[in-house]
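Residue numbers (our numbering), protein chains in the order written: chain D, 1 to 931; chain B, 1001 to 1514.
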């Protein structure tokens, strides 16, 4: 009996393909006996086109959008014409070759056990390319095409049994289709045909591929009716389909196990996607996992299989892709991917280009200058105080919680606390030693980052070397080192690395994530740089609009770290305080505009004025500075006149922003130190200024090419000469920073506090302008990581502050105040008066404390004069919840942790990976993208 | 300013970087090349301009500074009981029998008067003393008055004074002293350790903690170093009595600087003079004003110049009957002073002369031939200076066999009173209240005896005067801006004097920063 063929032509917004498909259908050598045109809610001309070809027969499927759904709906309205009826499934783009149906029918007629036959799907645009021919699964159930994207050289023209074939062009016996219940509604697009074929096989039917039947295809099935599909959405659809099939195929016993692993696996796979630099797929993974966990269609699908299955799962095992072949295919893909990588840029090599030499010289200079710290366990002085003694304490000082500084309060930690915690963890046996290490390695590290950054923009070896010299001898860097401004030091070391990462971020997720981490560290270390850096980032985004999605993400980790602080400072209405220098507040000089222009962050002429005045040459300092800086200034400005403006103009823009930031920062006095205020530490802004100048000099040297030797030499000599007094001061120990024994309080207090961490020491510091400043040290003292800009910029007197002030005022006087009760309540066992000039209030304070019979004078200590309150009653010091002690604190900690961890995963450099790109109709299905 | 000029500078960025090759291959001068060079020139000039304008603006523009105000609290200490210490009995080294030359003992009981504006005064003797007077009426007395519980801010005035007329063996004379508040730093100008002159240093610590006292001694030859001058522990509620001769023997004009840590003390010198076998008087010398460039010593009382002058010719041992001004300036170099001796009420002849002396050494300036009368001594120096005056009083001998009765008094500098003050007059012969106004503005002062009517005293600029007052009575001085006051007692061959102390000063409020 002659089989009857009912072709189902399903169109969804396929007007651009339909004319060709309809024509091809009409040109079949064996015409289908009946054609059912189905329109799936098209908004274009598709219905009209089909109606024109097949008047009056159009089936509309309101409310459905999937291929399988439309098919079921259409078949429900068309009665079967008999047992030997075949369905030929065609999408709007599936224009069949003239002999396609004939070939398919020919194949199924000779083999009665065959219920499903699939054609060879050819690319619509390039008919020689096989888009797909057959689908299969791995042992673990992942679906994959048997053949995809291969040039048709008749290599697959052997008719063979397949596990599954695509829905497009599929010829299926209608009785089998009906018996199996059609396509699984739980699989809207991907794997629907594969799943159907698997069920057909389990029901005892065969599925074959017919190579002589060729049908065109414009794209994968998930693209059906869509213009394009992002990589993330594509991944989500595929993953959802795979999980649905896993839950459907799994033996009943293991179902619970599978269900329980859905979400954990989704999380793990998300992390893997991050490491593989596919952050766009993370959402899809999680959505697919959660969706599968609450997938109501699994039960129906499982019942369907149970009803129709006659053979065991072992019957299809042979048709799965064997592991060996799978490995081979992956190896092949990798080989293809590597072959298509972008060619490496030509640039100076680190060893061949002199980078190693510059770093080595910087290391020697660093050793000469800071070698005296080689045996130090901690550094203190200027803005530096020792860190907490253990890693656990370090990490307890991050996040949102009780800040044990001053009278204590509950609030957000500075993001810088994270930086310190990470640093301290590196030298976990003695966290304070990490600061010593930074000092020992500061110069070579600065030289290294500067060289690497410069090498990225340079083609000549000595250009980066000059940049490294300029950067390592930068006055703001050396002054920050001498003054113990650790944040500024870290920012200076990392700025070139940040530039390098941001520039690379336009093309690479790993670089973008690395830039995000570097930006977070730089922002946390020197918040003053944030406006300028964000502005520069915006400029870079404008220059690279296609990479905006990667560049925008650079600010995310920093934003997450700063968010709690921003909320609190805005709540106080003190938004300028956000830019306050983190760390131990110290009074710094306010430099004038000219001093800023020569890169001097704390006033003065880099020590030349004092040095030459000492030699009896007044005003000689200005001459030296002008002469030493002249080559740098001339070359930087000259760069604008020379070719290479793509580099020199951005560099000068960086310099301008850095300078303007420094001028503004010098006029923002938000940090309070007792009765005084001090401006934001401007050195980081000057580092940015210096970075721009160095970049401009580099651009000029590049343009001068072979004539650059003398200018390069002059610039290097000038900058190094300029810094000689700074180097000398650091080398001879005339800087604020000095070796410390790591103790913040007198040994007597440390000994007591070792057994009583809540023991408080009230520090009363007579102020230069009269009055006294109070602070409380708990336990071993207020460490570097416990410092808080929220505290240092607070212009309000809290209840606890007022209480402390009352106690201090009465301690500093003959008074009838019940001092003992208050000392007990606040658990203050010691009173410390730091050394200083003999102001009237110091005399008064010392006399009053001396005359207080409650206090036993211990005497002069390394930290000042100490009194002991021996009658301290047992009690509990005022305290608050830790970082994890409140829901909001734990939430903040978790949120910041997750964001930073994800960025870190994304930043881990991995080898080139296959990446799924946004698929558009007509695109090749999978492409390899360079990192 | 400069930021707005940036966009034009960014223009050349749009040009591709093939410029390098253009230069390298030295293409002929085309319009394109001219344009590129022109744009570069513009970029450079604009960049140069932006740089100049920015730096110039940062230097020249008066940029505002955003500054936070450091938060602070003005803490007014909770008032506590005020206390002052009265020096206690006049002491002697060795007892009545001449034994125990290193231990001191009391010479009778002083008469102490005290009062407070709140009416309540507690008197407590110090519990320990080197003179074995601890806890007795002979011991230094602590007078104290509690704050007003209802109104802690009320200023309560407290004052006290003591006097003692001694007539025991070699010790004959009148000594009077004010009770004074403790201090961590006091200067004593007076005394002598020359032959026949005994000077004791008494340190009284009324506080609850032991005081550690360091002494610095200076004499006519400069600083005196001696063992035992540092780390002298004065126990809580205790008195130490030290012989100055133990540190500085044979010093005619000592000056002692007393500093204490821990508890605070009051310090006095007690000088007694014996000329051969004749008693020469005694006195208690309180702390004087810390070194200052203006020193005012009111109450120089010369009752009988002739008697003193008669005795002065009696030999070297009588030389210290001469009225003398002792000067000391810490530090080095020469100090130029103008010394004025101004008669009270403008009556009589004063004198004013310049005087120079070496800082670091104690200088003595005789003030000779003052007519009988009352004077105020004022020293204006170009460096902080200490000063005190010794004045003697002699009664003419009744007959040739009995010696003339002589006594002397050390006149310490008076503290400038700038607010209402209270003054207790010690009991003794013919007490006088001396007030001096060395300022250039007239002063009107109201003197109110306890429970009495106020008397208004007008004092022109630069004038001084004295008023008879009642011994044992307490007076309130009010209504003035700046005033110096002292009380003198004098009889035949007896003289004593002390300066008025500011009273009632509670602890000043103190500013406390966070």
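We put the CB at the ideal spot given by N, CA and C, even for glycine. This structure is a prediction, so every number in the text was calculated from the model and none was measured.
C-beta neighbour in chain D for residue i, strict 8 Å
{"i": "residue 1232 of chain B", "result": "no"}
{"i": "residue 1282 of chain B", "result": "no"}
{"i": "residue 1077 of chain B", "result": "yes"}
{"i": "residue 1367 of chain B", "result": "no"}
{"i": "residue 1203 of chain B", "result": "no"}
{"i": "residue 1308 of chain B", "result": "no"}
{"i": "residue 1265 of chain B", "result": "no"}
Proximal residues to residue i (C-beta, below 7 Å), its chain only, five neighbours per side dropped
{"i": "residue 739 of chain D", "result": "373, 376 and 379"}
{"i": "residue 509 of chain D", "result": "277, 279, 550 and 906"}
Sequence-distant residues of its chain with Cβ nearer than 6 Å to residue i (five each side left out)
{"i": "residue 977 of chain B", "result": "In the structure as shown, chain B starts at 1001 and stops at 1514, and residue 977 of chain B therefore has no counterpart that could be examined."}
{"i": "residue 363 of chain D", "result": "444"}
{"i": "residue 113 of chain D", "result": "206"}
{"i": "residue 450 of chain D", "result": "467, 468, 471 and 496"}
{"i": "residue 582 of chain D", "result": "414, 416, 487 and 789"}
{"i": "residue 513 of chain D", "result": "903, 906 and 907"}
Identity of the residues DSSP links to residue i by a beta bridge
{"i": "residue 120 of chain D", "result": "D/214"}
{"i": "residue 375 of chain D", "result": "None, per the DSSP bridge assignment."}
{"i": "residue 1219 of chain B", "result": "B/1222"}
{"i": "residue 1243 of chain B", "result": "B/1200"}
{"i": "residue 439 of chain D", "result": "In the DSSP output, where bridge partners are listed per residue, residue 439 of chain D has none listed."}
{"i": "residue 6 of chain D", "result": "D/34 and D/87"}
{"i": "residue 1238 of chain B", "result": "B/1128 and B/1205"}
{"i": "residue 1475 of chain B", "result": "B/1423 and B/1449"}
Nearest-angstrom beta carbon gap, residue j and residue i [assumed within contact, 8 Å]
{"i": "residue 474 of chain D", "j": "residue 454 of chain D", "result": "Between residue 454 of chain D and residue 474 of chain D the Cβ distance is about 14 Å, and since that is not below 8 Å, they are no contact."}
{"i": "residue 494 of chain D", "j": "residue 528 of chain D", "result": "That pair is no contact at about 15 Å."}
{"i": "residue 174 of chain D", "j": "residue 86 of chain D", "result": "6 Å"}
{"i": "residue 794 of chain D", "j": "residue 1071 of chain B", "result": "7 Å"}
CB contact check: residue i to chain B, cutoff 8 Å
{"i": "residue 857 of chain D", "result": "yes"}
{"i": "residue 787 of chain D", "result": "no"}
{"i": "residue 341 of chain D", "result": "Annotation note: pLDDT 49 at residue 341 of chain D (below 50); position unreliable, coordinate value reported separately. Not closer than 8 Å to any Cβ of chain B, the Cβ of residue 341 of chain D fails to qualify, so no."}
{"i": "residue 777 of chain D", "result": "no"}
{"i": "residue 593 of chain D", "result": "yes"}
{"i": "residue 546 of chain D", "result": "no"}
{"i": "residue 217 of chain D", "result": "no"}
{"i": "residue 676 of chain D", "result": "yes"}
{"i": "residue 853 of chain D", "result": "yes"}
{"i": "residue 659 of chain D", "result": "yes"}
{"i": "residue 772 of chain D", "result": "yes"}
Under 7 Å by beta carbon: chain E residues contacting residue i
{"i": "residue 872 of chain D", "result": "Included in the structure are the protein chains D and B, with no chain E among them."}
Same chain, Cβ closer than 8 Å to residue i, five either side skipped, listed in chain order
{"i": "residue 283 of chain D", "result": "232 and 236"}
{"i": "residue 1224 of chain B", "result": "1217, 1218, 1247, 1248, 1251 and 1254"}
{"i": "residue 1415 of chain B", "result": "1289, 1484, 1499, 1500, 1501 and 1502"}
{"i": "residue 1444 of chain B", "result": "1456, 1457, 1458, 1459, 1479 and 1480"}
Near the ligand GTP: residue i beta-carbon under 7 Å from a heavy atom
{"i": "residue 1223 of chain B", "result": "As for the ligand GTP, it is missing from this structure, which has no ligand bound."}
* **Unbroken stretches of the beta strand (DSSP E), 3 residues or longer, contained in the segment 522-547 of chain D** => none
* Completely contained beta strand (DSSP E) runs for the segment 666-724 of chain D, where each covers 3 or more residues -> 671-673 and 676-678
* Would you mind listing the beta strand (DSSP E) stretches within the segment 397-454 of chain D that are 3+ residues and don't spill past its ends, in chain order? => 400-403 and 409-412
* Only counting runs of 3 or more residues, tell me where the beta strand (DSSP E) segments fall wholly within the segment 1343-1415 of chain B, in order along the chain. => 1351-1358, 1363-1366, 1373-1395 and 1405-1412
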